[in-house]
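For the sequence shown, the UniProt record's numbering assigns the number 1 to the initial residue and increments by one for each residue that follows.
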Amino acid sequence: MSVVSQVILKADDELRYPSTGELTAIKNFFQTGLVRTSIAATLAENEKKIVQEASKQLWQKRPDFIAPGGNAYGQRERALCLRDYGWYLRLVTYGVLAGDKEPIEKIGLIGAREMYNSLGVPVPGMAEAIRCLKKASLALLSEEEAAEATPYFDYLIQGMS
1 MSVVSQVILK ADDELRYPST GELTAIKNFF QTGLVRTSIA ATLAENEKKI VQEASKQLWQ
61 KRPDFIAPGG NAYGQRERAL CLRDYGWYLR LVTYGVLAGD KEPIEKIGLI GAREMYNSLG
121 VPVPGMAEAI RCLKKASLAL LSEEEAAEAT PYFDYLIQGM S
């Protein structure tokens with residue numbers, strides 16, 4: 001949910017008008033709207049490039065992942081990893097657009113650790129993969145955009161750590 005939706009629902013639940021602080025949060029949400037949509041557009045338009053660069057960085061740091069016996073050994077396994085990287089990049093865009101980390105939590109983190117553990121995928125490896133996604137993504141953003149996007153990547157990394 002966006003900041004606007006959250007403020008409205010909270011105020012309605014409490015049968016009151018939005019507070020000054022809540023209205024300030026909405027104002028800030030709108031003021032950063034152009035930056036947030038620009039970030040989302042850049043990430044979406046460059047998904048393939050970002051995923052390729054991030055995977056290249058990851059395989060250089062952790063060649064054991066693509067070596068025989070590694071979780072990304074073989075074309076099928078590697079393709080599944082790349083699919084997941086794209087999915088996590090998309091989650092970051094959802095958070096950026098909403099101006100809130102809630103979509104990342106609800107859509108991406110709940111159950112992800114358990115799923116990876118059940119599949120035998122090292123969760124710290126996924127955190128490292130997301131660090132590589134962050135680095136590849138931020139390289140395409142302006143300084144202001146990078147500052148806005150960083151907390152969403154960090155939240156996802158922290159959730160996987």
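Even glycine gets a Cβ: it sits at the ideal position worked out from N, Cα and C.
Can you give me the Cβ contacts of Lys61 inside the same chain, cut-off strictly under 8 angstroms, excluding the 5 residues immediately before and after it? Answer for Lys61: Glu128 and Cys132, listed in chain order.
Report the rounded CA-to-CA distance for Thr37 versus Tyr88, giving the unit in angstroms. In a straight line, the C-alpha of Thr37 is about 17 angstroms away from that of Tyr88.
Along the chain, which unbroken stretches of the alpha helix (DSSP H) at least 4 residues long are found entirely within the stretch 38 to 118? The alpha helix (DSSP H) runs of length 4 or more contained entirely in the stretch 38 to 118 are, from start to end of the chain, 47 to 61 and 75 to 98.
Start and end residues, alpha helix (DSSP H) containing Glu128: Taken as a continuous stretch (DSSP letters only), the alpha helix (DSSP H) holding Glu128 covers Val123 to Leu138.
Using the Cα positions of Leu80 and Ile39, report the straight-line distance between them to the nearest angstrom. C-alpha separation (whole angstroms): 25 angstroms.
Name the two residues that bound the continuous alpha helix (DSSP H) containing Gln5. In the sequence as displayed, the identity of residue 5 is Ser instead of Gln. Boundaries of the alpha helix (DSSP H) harbouring Ser5: Val3 to Asp13, taken from the DSSP string.
Using 10 angstroms around the beta-carbon of Lys27, count the other beta-carbons present and answer buried if the total reaches 16, otherwise exposed. Exposed, because fewer than 16 other Cβ atoms sit within 10 Å of the Cβ of Lys27.
Cβ-Cβ separation, Ala149 to Val92 (assumed contact under 8 angstroms), whole Å: The beta carbons of Val92 and Ala149 sit about 7 angstroms from each other, so the pair counts as a contact at 8 angstroms.
Step through the CB atoms of chain B and report whether any lies within less than 8 angstroms of the CB of Leu109. Looking for chain B here will not work: only one protein chain is present.
Tell me the DSSP secondary structure of Gly21 in three-state form. Here Gly21 sits in helix by DSSP.
With Gly159 as the anchor, note down where its alpha helix (DSSP H) starts and where it stops. From DSSP, the alpha helix (DSSP H) with Gly159 extends over Glu143 to Met160.
For Met115, the nearest candidate out of Ala146, Trp59, Leu9 and Met160 (CA to CA): Of the candidates Ala146, Trp59, Leu9 and Met160, the residue whose Cα lies closest to the Cα of Met115 is Met160.
Whole angstroms are fine: how far does the CA of Ile50 sit from the CA of Ser118? Pairing Ser118 with Ile50, the inter-Cα distance amounts to about 27 angstroms.
Between the CA atoms of Glu105 and Tyr155 - distance to the nearest angstrom: So the two alpha carbons sit approximately 9 angstroms from each other.
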